[in-house]
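J.: Using our numbering, you'd call the opening residue of the sequence shown number 437 and step up by one each time. Glycine is no exception: its CB is placed at the ideal position from the N, C-alpha and C atoms. Since the model is a prediction, treat every value here as computed from it, not as a measurement.
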Amino acid sequence: MSETQNYVRSSFSDGATKLAVSILQTAKEPDKIFQHGRYFAIPGGITLQKECFERVLTSAKVQDVLSNRPSQTWPELEQMGAMPKGSLGCCLQQRMEMLGLCFLPEPELPEPESDEAFFISRSVRLHEIHHTVLGLPITVAGEAAASAFYASTGSMPFDISVLASWMLRGSYEPSERRLIWDGISFGIAVGQRVPELFSPRWEEGWERSIIDWQNELGITELLKTSPFQEYLATSYA
Numbered sequence: 437m438s439e440t441q442n443y444v445r446s447s448f449s450d451g452a453t454k455l456a457v458s459i460l461q462t463a464k465e466p467d468k469i470f471q472h473g474r475y476f477a478i479p480g481g482i483t484l485q486k487e488c489f490e491r492v493l494t495s496a497k498v499q500d501v502l503s504n505r506p507s508q509t510w511p512e513l514e515q516m517g518a519m520p521k522g523s524l525g526c527c528l529q530q531r532m533e534m535l536g537l538c539f540l541p542e543p544e545l546p547e548p549e550s551d552e553a554f555f556i557s558r559s560v561r562l563h564e565i566h567h568t569v570l571g572l573p574i575t576v577a578g579e580a581a582a583s584a585f586y587a588s589t590g591s592m593p594f595d596i597s598v599l600a601s602w603m604l605r606g607s608y609e610p611s612e613r614r615l616i617w618d619g620i621s622f623g624i625a626v627g628q629r630v631p632e633l634f635s636p637r638w639e640e641g642w643e644r645s646i647i648d649w650q651n652e653l654g655i656t657e658l659l660k661t662s663p664f665q666e667y668l669a670t671s672y673a
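(1) Give me the Cα-Cα distance between V576 and S583, rounded to the nearest whole angstrom.
(2) What's the C-alpha gap between W510 and F585?
(3) By the three-class DSSP mapping on this structure, what secondary structure does S495 have?
(4) If contacts are defined as beta-carbon pairs under 8 Å, then S588 and G627 qualify, I think. What distance do you get, rounded to the angstrom?
(5) Along the chain, where does the alpha helix (DSSP H) that runs through E666 open and close?
(6) Near E643, which residues of its chain fall below 7 Å by C-beta distance, leaving aside the five closest residues on each side in sequence?
(7) Under 8 Å: do the region 460-476 and the region 594-609 share three or more Cβ pairs, one atom per stretch?
(8) In terms of DSSP beta bridges, what is S611 paired with?
(9) Is it true that the CB of H563 sits closer than 8 Å to the CB of G578?
(10) For L455 versus S597, is the C-beta spacing smaller than 8 Å?
(11) Going by the beta-carbon positions, is the gap between I574 and L528 smaller than 8 Å?
(12) For S523, which three-state DSSP category applies?
(13) Return helix, strand or coil for S645, following the three-state DSSP convention.
(14) Quick check on the burial criterion: 16 or more other C-beta atoms within 10 angstroms. Buried or exposed for L599?
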């Protein structure tokens, strides 16, 4: 084996070990995901991740958004809170309040030049909207459902790595296992109905009823099978 081959093999093994550490540490202490998850970026640099990302980026619906980008200027949370009850904006404000946050994530760049940068920046900001529309609680099971949706629809190694942490959580906390797996099952079911959640122009419908958004996505009946019924009953009040 050549010196180059040894280096590549050693580098791969080192990356895999670090990723495994992040997966296990996050499963053990999910509230410290931003601290423990520092190695989740490793899959983002591999060829397979780039190929999956390119497939998503070139899909027709995503291209339509990229060619006619929605505004990156979102209302302030205070403005959202004053919107009609049950509207996307009002429900999102309520969720952020439950998270103890008084602000929404800002775009990473004022106006990303490349399609790739815009896609990533907007996707990060849309995460809480996805949680809100799907009625996913602020729990490991809720995050597991979201991760299962992303992993099943995009098949990206990064999303699958994050999902692996939630799948292992039950090993540390058996009492959480059932709801986590029910959440994963629900996230996959949503993914079979809705191929992606990037293309809806959420930014153009803050005052629109969240129920209308759910009807447009075709998930109204599916939500009745959600394992988070108690959360759903209170989150859109």
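T.: The relevant details are as follows:
(1) For the purposes of this step, residue 576 is identified with residue 140 of the sequence shown, where counting begins at 1. For the purposes of this step, residue 583 is identified with residue 147 of the sequence shown, where counting begins at 1. Whole-angstrom Cα-Cα distance: 10 Å.
(2) Indexing the sequence shown from 1 puts residue 510 at position 74. Indexing the sequence shown from 1 puts residue 585 at position 149. Spanning the two alpha carbons is a distance of roughly 25 Å.
(3) As a position in the sequence shown, residue 495 is number 59, starting the count at 1. In this structure, S495 counts as coil in the three-state DSSP scheme.
(4) To locate residue 588, count along the sequence shown from 1; it is residue 152. To locate residue 627, count along the sequence shown from 1; it is residue 191. Indeed, because the Cβ distance is near 4 Å, the residues count as touching under 8 Å.
(5) The residue labelled residue 666 in the question sits at position 230 within the sequence shown. Counting along the chain, E666 sits inside the alpha helix (DSSP H) bounded by residues Q665 to S671.
(6) As a position in the sequence shown, residue 643 is number 207, starting the count at 1. Within the same chain, E643 has close Cβ partners M519, P520, S523 and G525.
(7) Because the criterion of three Cβ pairs below 8 Å is met, the region 460-476 and the region 594-609 touch.
(8) To locate residue 611, count along the sequence shown from 1; it is residue 175. Partner(s): none; S611 has no beta bridge.
(9) In the sequence shown, the residue the question calls residue 578 occupies position 142. In the sequence shown, the residue the question calls residue 563 occupies position 127. No. Outside cutoff.
(10) Walking along the sequence shown from the start, residue 455 turns up at place 19. Walking along the sequence shown from the start, residue 597 turns up at place 161. At a Cβ-Cβ threshold of 8 Å, L455 and S597 count as neighbours.
(11) Against the sequence shown, residue 574 aligns to sequence position 138. Against the sequence shown, residue 528 aligns to sequence position 92. No, they are not a contact pair.
(12) Taking the first residue of the sequence shown as position 1, residue 523 is located at position 87. Shown here, S523 sits in a strand according to DSSP, grouped into three states.
(13) Against the sequence shown, residue 645 aligns to sequence position 209. Of the three classes helix, strand and coil, the one that applies to S645 here is strand, per DSSP.
(14) Residue 599 sits at position 163 when you count from the first residue of the sequence shown. Buried, by the Cβ-count rule.
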